[in-house]
Amino acid sequence: MNMNEYQLLATRTAAKHDNELVNYGLGIAGEAGEVADLIKKAMFHGHVIDQVEVKKELGDVLWYLANIARLAGLSLDEIAEANISKLQKRYPNGFNVEDSKKRVDTVLGE
Numbered sequence: 144m145n146m147n148e149y150q151l152l153a154t155r156t157a158a159k160h161d162n163e164l165v166n167y168g169l170g171i172a173g174e175a176g177e178v179a180d181l182i183k184k185a186m187f188h189g190h191v192i193d194q195v196e197v198k199k200e201l202g203d204v205l206w207y208l209a210n211i212a213r214l215a216g217l218s219l220d221e222i223a224e225a226n227i228s229k230l231q232k233r234y235p236n237g238f239n240v241e242d243s244k245k246r247v248d249t250v251l252g253e
């Protein structure tokens, strides 16, 4: 499945209403928090990161992302392509600390 196919299928289960953007914005923050909680428990509480749970929570993040993108008139494919293009300009040889400090995609290099 490609990203645009996913976005189309994710849209099927989205309830259409006047406050969709608020719903999806809060939803993505909540689901990202659940991913962060899994990491926190692994780092500080001695838990083992459960791949099934990570997959489930990241899937929820992706669902909200797909629907925010839909409301913005964007496809997941074009978002992914724009992000990779930005990163290739910022880090033409892959990540390094010096390029991170002197980012070419910002006005002041910060």
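Add 143 to the 1-based position in the sequence shown for my numbering, that's all there is to it. Every residue gets a Cβ at the ideal spot worked out from N, C-alpha and C, and that includes glycine.
Check                                                                                                           : Outcome
Own chain partners of Leu205 with C-beta closer than 8 Å, once the 5 adjacent residues on each side are dropped : Tyr149, Ala153
Close Cβ partners of Met146 (< 7 Å) along its chain, the five nearest in sequence each way excluded             : Leu219, Asp220, Ala223
Per DSSP, the bridge partner or partners of Gly237                                                              : Pro235
Cutoff 7 Å; reference Asn236; Cβ partners in own chain excluding five residues on either side                   : none
Simplified DSSP state of Leu152, which is helix, strand or coil                                                 : helix
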